Amino acid sequence: MTPQHSDRVRRSFSRSFDSYHAAADQQVWVADRLVTALRDAGAPTQFHRAFEFGCGTGHLTRALTEAYGFDQLTLNDLTPDARATAKAHGASFLPGDVETLAWPAGMELVASASTIQWLNDPMRVLRAAAEELAPGGWLAVSGFGPDQYRELAQLGSKAAAPGLCAVEALAEAVSEHLEVMAMGEARRLQLFPTPVDVLRHLRRTGVNARAQGAWSKSRLARFSTDYIRAFGTEEGVPLTYHPVWIVARKRG
Ligand SMILES: C[S@@+](CC[C@H](N)C(=O)[O-])C[C@H]1O[C@@H](n2cnc3c(N)ncnc32)[C@H](O)[C@@H]1O
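Just so it is clear: in the sequence shown, position 121 is 128 by our numbering, and no numbers are missing.
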């Protein structure tokens, strides 16, 4: 990740750190889905050493620690605010950019939810994780696919994260070292009363790191009209979430 890009992402998530937790319904769903996939794939209930990157306010951390025991859990995030998440779960905290950080090797589990889409080269991070896992170790990672926020993309917004990837690309990135145990994707529509509520939701969940430019009154009015014309329903306006996830195991 370039320093400018990681600075922008860090500032954006720091700004929304307090509002993120309650607003992130979709990320809660994905975190639970990922842990269910890990369990269904037959992962052990206790891990000696585990690493989660992009822990944020801890939606995945909560789901993981409810389902599994950890002797040593290390959490990472770009924003130092996430140290509170580590403290709340009795984990160690390793701050910084996961794309440049030397993270602990020989983990039995590397996990991450809703973070890789912010990386410049998510596949490189997945390949590194696959290489560094302990033999028999598990990888459980979710990101977002190309249909993420498709309404915004269609209206010409730059809000989309840089690292959207198809679920097949996740599998491909790890297939040299890992056996893919499960993978999946979903297209989930969240409804909002108005397009302005969509923007508010994005701000609360930190997804404004790339939405450049000021929102003048006329720009906002045009955005609202275009959004309603293209996607409006009687129940409100939709925003598409396209979570993708993979669970894989290192050959022993
Ligand atoms: C959408 S939140 C997801 C948080 C949490 N995993 C969850 O499931 O709710 C994405 C998190 O990734 C972090 N992040 C973004 N880029 C990162 C990077 N390069 N290295 C580490 N963390 C990063 C952000 O600070 C943010 O907390």
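Ideal placement from N, C-alpha and C gives every residue a C-beta, glycine not left out.
Values in this document were obtained by computation on a predicted structure and should not be read as measured data.
Check: Tell me whether Arg236 is buried or exposed, calling it buried when 16 or more other Cβ atoms sit within 10 Å of its Cβ.; Outcome: exposed
Check: Between the alpha carbons of Val251 and Asp14, how many angstroms are there, rounded?; Outcome: 26 Å
Check: Do you know whose CA, among Val105, Tyr234, Arg226 and Ala147, lies nearest Arg46's CA?; Outcome: Ala147
Check: Which residues in the same chain have their Cβ closer than 6 Å to the Cβ of Val205, if we skip the five residues on either side of it in sequence?; Outcome: Phe199 and Leu246
Check: Rank Tyr156, Trp222 and Ala29 by C-alpha distance to the C-alpha of Leu171 and give the top, closest one.; Outcome: Tyr156
Check: Can you tell which of Ile123, Gly213 and Gly239 has its C-alpha closest to the C-alpha of Glu158?; Outcome: Gly239
Check: Could you tell me if Gln161 is buried or exposed, where buried requires 16 or more neighbouring beta carbons within 10 angstroms of its beta carbon?; Outcome: exposed
Check: Does the distance from the CB of Lys224 to the CB of Ala141 come in under 8 Å?; Outcome: no
Check: Since Ala263 is in the alpha helix (DSSP H), which residue starts that stretch and which ends it?; Outcome: Any question about residue 263 goes unanswered here, given that the chain covers just 8 to 259.
Check: Under DSSP, the beta strand (DSSP E) around Lys257 begins and ends at which residues?; Outcome: Pro250 to Lys257
Check: Would you say His208 touches ligand 1, meaning its beta carbon is less than 7 Å from a heavy atom?; Outcome: no
Check: Does DSSP put Gln155 in a helix, in a strand, or in coil?; Outcome: coil
Check: Measure the CB-CB distance between Ala95 and Gly49 and report whether it falls below 8 Å.; Outcome: no
Check: Alpha carbon to alpha carbon, how far is Gln53 from Phe77? Give it in angstroms, no decimals.; Outcome: 6 Å
Check: Residue range of the beta strand (DSSP E) that Val187 falls in?; Outcome: Leu185 to Glu192
Check: Trp125 by DSSP, collapsed to three states: which one?; Outcome: helix
Check: Looking at the unbroken alpha helix (DSSP H) that takes in Pro102, where does it start and where does it end?; Outcome: No alpha helix (DSSP H) holds Pro102; the beta strand (DSSP E) holding it covers Ser99 to Pro102.
Check: Assuming Leu41 and Leu67 form a contact by the criterion Cβ under 8 Å, report the distance between their Cβ atoms to the nearest whole angstrom.; Outcome: 7 Å
Check: For Val16 and Phe58, which I take to be in contact (beta-carbon distance under 8 Å), what is that distance rounded to the nearest angstrom?; Outcome: Not quite, the Cβ-Cβ distance comes to about 20 Å (not below 8 Å), so this is no contact.
Check: Under 8 Å Cβ to Cβ from Val181, same chain only, skipping five residues before and after it: list those, please.; Outcome: Leu133, Arg134, Ala136, Ala137, Leu146, Val187, Ile253 and Ala255
Check: So what's Leu67 in DSSP terms, helix, strand or just coil?; Outcome: helix
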